[in-house]
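Here the structure comes first, spelled out in structure tokens, and everything after it is commentary.
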Amino acid sequence: MVLCQYLRFTGTGPVASPLQDIPGALGGILGSELGGFIWMVLLFKDRKKARMMKTSWCILLAGHVASVIVIGPGVKLLAAWLWREETLATTRHWAAVTKAE
């Protein structure tokens with residue numbers, strides 16, 4: 211806060227108060243969170259359609275909300291990506307043709 215006051219006093223800082231930047235910052239945060247949420251929904255939809263995941267939508271939504279609160283949206287996306295990779299590596303698509311030995 212002292213730095214903002216110094217920059218404003220010397221004329222090198224922003225003219226607007228830092229509190230006036232809050233709506234713009236919240237818009238960016240909510241936009242990125244919405245983008246991450248849409249990506250997660252599409253990711254889970256594809257895996258559920260391929261019958262590679264049996265977790266219910268209610269559990270997934272509750273896990274999404276809890277993980278955003280506890281670990282944050284960035285780590286949540288990383289965890290979802292790792293879960294996706296594990297699922298793709300360990301389960302097979304329901305219509306996969308495999309060679310019988």
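Position one of the sequence shown corresponds to residue 211 (the working numbering), numbered consecutively onward. Glycine included, every Cβ here is placed at the ideal spot set by N, Cα and C. Model, not experiment: these values are computed from the prediction.
Looking at the secondary structure, which residues open and close the alpha helix (DSSP H) in which residue i lies?
| i | result |
| --- | --- |
| H274 | W267 to V280 |
| A290 | P283 to T300 |
Using CA coordinates, which residue listed in the options is at the minimum distance from residue i?
| i | options | result |
| --- | --- | --- |
| E243 | W291, R294, L287 and L253 | L287 |
| E295 | L240, M263 and G282 | M263 |
If you count every other CB in all the chains shown that lies within 10 Å of the CB of residue i, and 16 or more means buried, which is it?
| i | result |
| --- | --- |
| A272 | exposed |
| A305 | exposed |
Just to confirm my understanding: we take residue i, look at its own chain, exclude 5 residues before and 5 after, and list those with CB closer than 8 Å. What are they?
| i | result |
| --- | --- |
| T297 | R257, M262 and M263 |
Excluding the 5 residues preceding and the 5 following residue i in the sequence, name in chain order all residues of the same chain whose CB lies nearer than 7 Å to its CB.
| i | result |
| --- | --- |
| S266 | none |
Is it the case that the CB of residue i approaches a heavy atom of the ligand MN more closely than 7 Å?
| i | result |
| --- | --- |
| V285 | As far as ligands go, the structure on display features none, and thus does not contain the ligand MN. |
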